[in-house]
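Remarks on the structure that follows.
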Amino acid sequence: MNSHNRSELHVVCSSGQLLLQPLWDRLRTWEALMQSPFFPVFFSITTYVGFCLPFVVLDVLCPWVPALRRYKIHPDFSPSARQLLPCLGQTLFQHVVFVFPMTLLHWAVSPALLPVEAPELSQLASHVVLCLLLFDTEFFVWHLLHHKVPWLYRTFHKMHHQNSSPFALATQYMSVGELFSLGVFDMVNVLLLRCHPLTTLTFHVVNIWLSVEDHSGYDFPWSTHRLVPFGWFGGVRNHDLHHSQFNCNFAPYFTHWDKILGTLRSAHAK
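Laid out in structure tokens, this is it:
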């Protein structure tokens, strides 16, 4: 066995103690796909649509299953095909004409090899939480400005508010400018923290799920805001209130910035 093979074996053995190493080793077998410029677009669309579909099914069933209506924030509202299809079409259109060219440019400028070792579980968890907190702060400032400055609202954010009663597929119904801003926040945060590729994938999955859940229109006993203690997480009811009243609950996930600036309004108080 030459020195290169012994060195690689040593790395694999030492990193094999990591809890996430088997998962990362399996993902690395798809290294060619993961390094392709097509992968981020495929990953983003499939994850997003996969999270939206269960709520679309619930919206179809809700008028016929009375038990579901107790968990629906607006029991008498179900999005029609004329609302769902433009939202899905906008998502697909923007990923093809905007996200893919940006991904292709990034791939051409800075191709990177995947590391052999997986991240520590504690490192992955801490980086995902930090990315969410950073994203929450950045989007809060962006969101507040776009509601306070009429030109910004009309130019970039108004499109997202065309549905006063949110539903899952309306999550990414937004202008190109808004999509670009959210993409920049995502990219800057993972680069700033030097996140492992597995951490980056995990963060994107969590971020997409939380955003879809916030727009789903369903408040289940297992919804995230019910699992996070002390009211630190606003959740679907608070964000639904933002869509109906416009002047409160600007943070996408957590509640601390709205509390500090006095823009937090409890959906239960309504």
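Its first residue numbered 5, the sequence shown is counted upward by one per residue in my numbering. Heads up, the beta-carbon is just placed ideally off N, CA and C, and yes, glycines get one too.
Contact set for residue i: own chain, Cβ-Cβ below 8 Å, skip 5 residues either direction
| i | result |
| --- | --- |
| HIS260 | TRP236 |
| ILE49 | THR95, LEU96 and HIS99 |
| CYS56 | ALA172, LEU173, THR175 and VAL216 |
| TYR177 | PRO90, CYS91, GLN94, THR95, MET163, HIS164, GLN166 and ASN167 |
| LEU108 | PRO41 |
| LEU65 | LEU72 |
Own chain partners of residue i with C-beta closer than 7 Å, once the 5 adjacent residues on each side are dropped
| i | result |
| --- | --- |
| LEU214 | THR228 and TYR257 |
| PHE224 | TYR75 |
| TYR157 | HIS150 and HIS151 |
| TRP146 | SER185 |
| VAL45 | HIS99, VAL103, PHE104 and THR107 |
Nearest-angstrom beta carbon gap, residue j and residue i [assumed within contact, 8 Å]
| i | j | result |
| --- | --- | --- |
| HIS200 | LEU136 | 16 Å between Cβ atoms; not a contact. |
| ASP218 | VAL240 | 5 Å |
| ASN193 | PHE139 | 6 Å |
| ASP63 | PRO79 | Contact flag wrong, Cβ pair sits at about 11 Å. |
| LEU197 | HIS131 | 5 Å |
| LEU202 | PRO123 | 6 Å |
| ILE77 | GLY221 | 5 Å |
| LEU118 | ARG32 | 6 Å |
| ILE212 | TYR52 | 5 Å |
Residues near residue i by beta carbon distance below 6 Å, same chain, minus five either side
| i | result |
| --- | --- |
| PHE81 | SER169 |
| GLY1 | Only positions 5 to 274 of the chain appear in this structure, which leaves residue 1 out of reach. |
| MET5 | In this prediction, MET5 scores a pLDDT of 45, lower than 50, which makes its location untrustworthy; the coordinate-derived value is nonetheless stated afterwards. Excluding sequence neighbours, MET5 sits near nothing in its chain. |
| LEU186 | none |
| PHE143 | PRO256 |
Extent of the continuous alpha helix (DSSP H) to which residue i belongs
| i | result |
| --- | --- |
| GLN249 | 239-249 |
| PRO44 | 43-65 |
| CYS135 | 125-152 |
| VAL268 | Before going further, note that residue 268 is Leu rather than Val in the sequence given. No alpha helix (DSSP H) holds LEU268; DSSP gives it neither H nor E. |
| ALA122 | Neither: ALA122 is in no alpha helix (DSSP H) and is coded neither H nor E. |
| ALA174 | Careful: ALA174 lies outside any alpha helix (DSSP H) and carries neither H nor E. |
| LEU23 | Looking at the DSSP string, LEU23 is not in any alpha helix (DSSP H), and its letter there is neither H nor E. |
| HIS229 | 228-231 |
| LEU197 | Careful: LEU197 lies outside any alpha helix (DSSP H) and carries neither H nor E. |
| MET163 | Note, MET163: premise wrong, no alpha helix (DSSP H); not H, not E. |
For residue i, the residue or residues it bridges with in DSSP
| i | result |
| --- | --- |
| PHE258 | PHE237 |
| TYR222 | LYS76 |
Cβ of residue i within 9 Å of any chain C Cβ
| i | result |
| --- | --- |
| CYS199 | In the displayed structure, chain C is absent; only one protein chain is listed. |
Where are the alpha helix (DSSP H) runs, 4 residues long or more, that stay fully inside the segment 73-111, in chain order?
You should have 85-98.
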